[in-house]
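Positions 3 to 613 (our numbering) are the ones given, in order, by the sequence shown.
Beta carbons are placed, not taken as given, at the ideal position from N, Cα and C, and that holds for glycine.
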Amino acid sequence: MNPFIELGIRHDIVNAISELGFETPTPIQEQSIPVLLTGSNDFVGLAQTGTGKTAAFGLPLLELLDFEENHPQALILCPTRELCLQITNDLKNYAKNMPNVHVVAVYGGASISDQLRQIRRGVQIVVATPGRMLDIINRDAIDFSNVRFVVLDEADEMLNMGFQEDIDSILSTTPDDKKTWLFSATMPAEVRRIAKKYMTDPHELTMGTKNTGNANIEHEYYVIRARDKYAAFKRIVDFNPEIFGIVFCRTKIETQEIAEALIKDGYNADSLHGDLSQQQRDKVMKRYRERSLQLLIATDVAARGIDVNDVTHVINYSLPDELENYTHRSGRTARAGKTGVSISLINSKELGKIRQIERVIGKKFIKAEIPTGFDVVEKQLFGLVHKVHNVEVNEQQIEQYIPRIMDEFAELSKEDIIKRFASLEFNRFLDYYKNAPDLNVQFDDSRKSFDGKPFDGERGGDRGDRFPRDGGKSDYTRLFINLGSVDDFSRGEMLGFICNNTKITGRNVGKIDVKGVYSFFEVQNADVDQVVNGFKGVDFKGRQVRIELAGEGESKSRNGGGGERRERSGGGFRGGDRREGGNRERSGGGGGFRDFSGKRREDRGERKKRF
Ligand code: AMP
């Protein structure tokens with residue numbers, strides 16, 4: 003018999019979840035479903051994300067509610083819009099063979115009138131983020147007097163995000179005799195307090211040891227100098243050509259800058275942070291979910307509730323300020339029984355934090371070594387060989403070309419042909435990594451490289467030196483634009499603005515320095531005319547946009563504000579940890595992403611509609 007039937011779930015639902023690939027219950031489902039199905043207990047479940055907890059409370063709810071009645075009977079509160087949509091979607095999937103089940107997602111950043119309309123039409127399950135829920139309650143637009151079950155999902159996150167008061171107000175509109183089910187990844191004192199406040203003698207369930215991270219996650223740390231961080235990070239990515247990862251940064255700025263640097267270096271990456279509009283965030287998430295994006299660079303807040311399966315690596319580019327967040331971050335990988343790696347890039351002073359995290363997750367980290375250039379080249383070479391071996395040949399289409407191809411290779415032996423195919427990609431990596439130094443900290447005194455020469459590829463100076471500056475013979479021209487941070491431009495937005503108006507690709511734009519009322523940016527010499535022409539007649543909020551060669555712009559602005567000389571040396575990347583090769587074309591590493599800039603431009607185009 004299907005084990006979900008044995009747990010007491012009806013056939014309609016079991017058939018639906020079987021289609022989702024749920025064959026056996028996860029441990030939390032196995033233990034909580036029988037308890038929750040009684041409908042007579044308050045409940046506290048200490049469970050990480052990715053353990054199957056949505057079904058653990060969702061399936062019992064579908065069993066317990068009366069779907070012949072069209073009024074709210076269950077309220078699920080969760081911290082983020084993403085999680086809200088995820089839960090709603092999951093519930094609809096579980097209930098797809100059941101008649102008259104209505105679930106509404108209530109969250110901010112979307113049209114409230116649509117949500118109100120759905121509520122008016124009649125719903126039994128409301129899945130909501132606290133802010134928008136309270137808004138709707140304050141409009142007297144919903145009646146919770148018949149609510150029988152309240153689920154507080156990711157309770158610790160909701161409290162972290164400051165929703166305590168909202169939750170209090172919302173729950174005060176529900177009946178006293180409802181049952182409350184609380185799920186949380188961690189159990190800090192605040193969660194304990196709300197459990198105590200809202201529940202009577204709850205049934206408690208802890209999955210695994212308290213606070214223990216997912217056993218399928220391997221935790222690794224790399225000790226590197228701050229200034230080598232970006233190069234080290236790229237090596238790790240290059241060493242894992244099939245990586246599908248989430249990279250966590252501490253701040254929005256860091257997130258944006260790492261993403262921009264990666265894009266410039268030819269990687270398939272984009273950023274997710276709170277400065278993006280909801281629409282932009284949705285777009286990034288959609289691309290990540292569809293795997294047309296390989297690396298998602300995110301802040302903790304933006305990444306909350308992301309539920310994407312098959313994430314191979316979580317990379318802590320910076321460790322989280324709140325160590326408890328490490329569990330949330332690493333829990334984005336190794337979902338639904340898969341394995342995953344959580345990598346932390348640290349400097350030697352942060353070792354103490356690693357030890358603290360080890361205590362929190364109850365698991366030891368492995369100290370890993372940044373792969374050498376040679377390791378990367380070898381890995382990429384065999385990745386390529388493997389791909390060639392497994393490529394699907396379209397016999398029909400290729401057939402017509404075979405005689406000409408054979409002709410071309412007639413002189414070459416099989417070995418020669420293989421060597422040449424392999425060299426196509428191999429040379430690219432070999433060139434980039436041939437002088438690569440060891441980036442692991444313990445080799446501080448003996449900066450080894452393949453041939454002992456200094457390596458320029460990954461350590462090309464600070465951001466100001468990203469582009470060749472060989473005695474003034476640079477390929478780039480610096481331009482002045484009369485818009486800056488007072489017009490709400492970040493560097494990323496300026497890049498979008500430039501690309502959008504001039505139709506040059508973002509990869510051909512060099513350093514951007516956003517000042518107060520003006521900015522400087524570099525474009526390839528060959529693109530100068532296109533840029534100047536592109537901005538002709540363009541106005542920004544009624545102001546004529548003005549572009550000038552930087553010399554002119556600088557002298558003008560010095561008259562205006564002064565001190566602008568400093569912008570050359572002062573524009574470095576925060577912490578100086580961004581090092582990149584002058585050799586940007588070759589540094590693409592992961593390979594195959596060259597068509598990316600076009601897509602990226604589209605994104606920026608969207609983002610810039612407000613101009
Ligand atoms: P959750 O913790 O609810 O976010 O679930 C994590 C992932 O596991 C989701 O992608 C679910 O679809 C999946 N999942 C949940 N329960 C099962 C199950 N019993 N068998 C297989 N996959 C599951």
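Taking the alpha-carbon positions, what's the residue i to residue j distance?
i: G473; j: Y109; result: The predicted position of G473 is uncertain, since its pLDDT is 35 and thus under 50; a value taken from the coordinates is nonetheless stated next. Cα-Cα distance, rounded: 56 Å.
i: V152; j: L173; result: 8 Å
i: G518; j: G512; result: 19 Å
i: L79; j: F542; result: 42 Å
i: G573; j: R229; result: Here G573 scores only 27 on pLDDT, less than 50, and its place in the model is too uncertain to base an answer on.
i: A76; j: G10; result: 20 Å
i: S487; j: K266; result: 22 Å
i: N392; j: G385; result: 11 Å
i: E167; j: W183; result: 18 Å
i: N1; j: M135; result: Coverage of the chain is limited to positions 3 through 613, which leaves residue 1 absent and any answer about it impossible.
i: M209; j: L22; result: 23 Å
i: G564; j: S521; result: Note that G564 scores 32 on pLDDT, short of 50, meaning its location in the model is unreliable and no value can be drawn from it.
i: C86; j: G111; result: 12 Å
i: D531; j: A261; result: 28 Å
i: D440; j: R283; result: 37 Å
i: I89; j: I363; result: 26 Å
i: A187; j: R122; result: 34 Å
i: V390; j: Y403; result: 18 Å
i: T28; j: S34; result: 10 Å
List the whole-angstrom C-beta distance separating residue i from residue j, where the pair is believed to meet the contact cut-off of C-beta under 8 Å.
i: L74; j: V129; result: A small fix is needed here, since residue 74 is Pro in this sequence, not Leu. Not a contact, Cβ separation roughly 11 Å.
i: N318; j: I372; result: N318 to I372, Cβ: 15 Å. No contact.
i: A49; j: Y96; result: 18 Å between Cβ atoms; not a contact.
i: I419; j: F411; result: 6 Å
i: I506; j: D529; result: 5 Å
i: F537; j: T504; result: 7 Å
i: Y232; j: A263; result: 6 Å
i: F59; j: P204; result: No, F59 and P204 are not in contact; Cβ-Cβ is about 13 Å, not under 8 Å.
i: H315; j: I245; result: 5 Å
i: E222; j: A370; result: 4 Å
i: M100; j: L64; result: 7 Å
i: V105; j: Q117; result: With 8 Å as the limit, V105 and Q117 do not qualify as a contact, their Cβ atoms being about 12 Å apart.
i: N527; j: T479; result: 5 Å
Given 8 Å as the limit, tell me if residue i has its C-beta closer than that to any heavy atom belonging to the ligand AMP.
i: F24; result: yes
i: R123; result: no
i: P27; result: yes
i: N311; result: yes
i: A643; result: Since the displayed the chain opens at 3 and closes at 613, residue 643 lies outside it and no answer follows.
i: R337; result: yes
i: T182; result: no
i: D617; result: Outside the modelled stretch of the chain, which goes from 3 to 613, sits residue 617, for which no answer is possible.
i: G615; result: The requested residue 615 does not occur in the structure, where the chain is confined to residues 3 to 613.
i: T53; result: yes
i: Y19; result: A small correction: the amino acid at residue 19 is Ile; Tyr does not occupy that position in the sequence shown. Answer for I19: yes, Cβ within range of the ligand AMP.
i: D433; result: no
i: D158; result: no
i: Q31; result: yes
i: Q1; result: With the chain running from 3 to 613 in the structure shown, residue 1 is simply not present.
i: D203; result: no
i: D1; result: Summary: the structure shown does not reach residue 1, with the chain confined to residues 3 through 613, and so no result is reported for it.
Between the Cα of residue i and those of the options, spot the shortest distance and give me the residue it belongs to.
i: Q296; options: P177, N270 and V310; result: N270
i: E495; options: F523, I219, P243 and K231; result: F523
i: P132; options: G164, D92 and R150; result: G164
i: E84; options: D489, D377 and A305; result: A305
i: S147; options: E156, D179, N140 and D116; result: D179
i: V239; options: S34, F431 and L93; result: F431
i: E368; options: S171, I345 and Y403; result: Note on residue identity: the sequence assigns Ile, not Glu, to residue 368. It is I345 whose Cα lies nearest to the Cα of I368.
i: N510; options: A234, A191 and G268; result: G268
i: V249; options: Y328, E324, M189 and T175; result: Y328
i: D377; options: H330, N242, V286 and E360; result: N242
i: M160; options: S171, V193 and E292; result: V193
Which residues bound the alpha helix (DSSP H) around residue i?
i: E8; result: P5 to L9
i: S171; result: Q166 to L173
i: D158; result: A157 to N162
i: Q526; result: Counting along the chain, Q526 falls outside any alpha helix (DSSP H), though it belongs to the beta strand (DSSP E) covering S521 to Q526.
i: E244; result: Note, E244: premise wrong, no alpha helix (DSSP H); not H, not E.
Hey, quick one: how far does the beta strand (DSSP E) through residue i stretch, first residue to last?
i: A107; result: V105 to V108
i: H221; result: I219 to V225
i: T479; result: Y478 to I483
i: I514; result: V511 to V516
i: K288; result: K288 -> not in any beta strand (DSSP E); alpha helix (DSSP H) instead, spanning Q280 to R291.
i: G342; result: G342 to I348
From the beta carbon of residue i, is the nearest beta carbon of chain C less than 9 Å away?
i: E427; result: Of the chains in the structure shown, none is chain C; there is only one protein chain.
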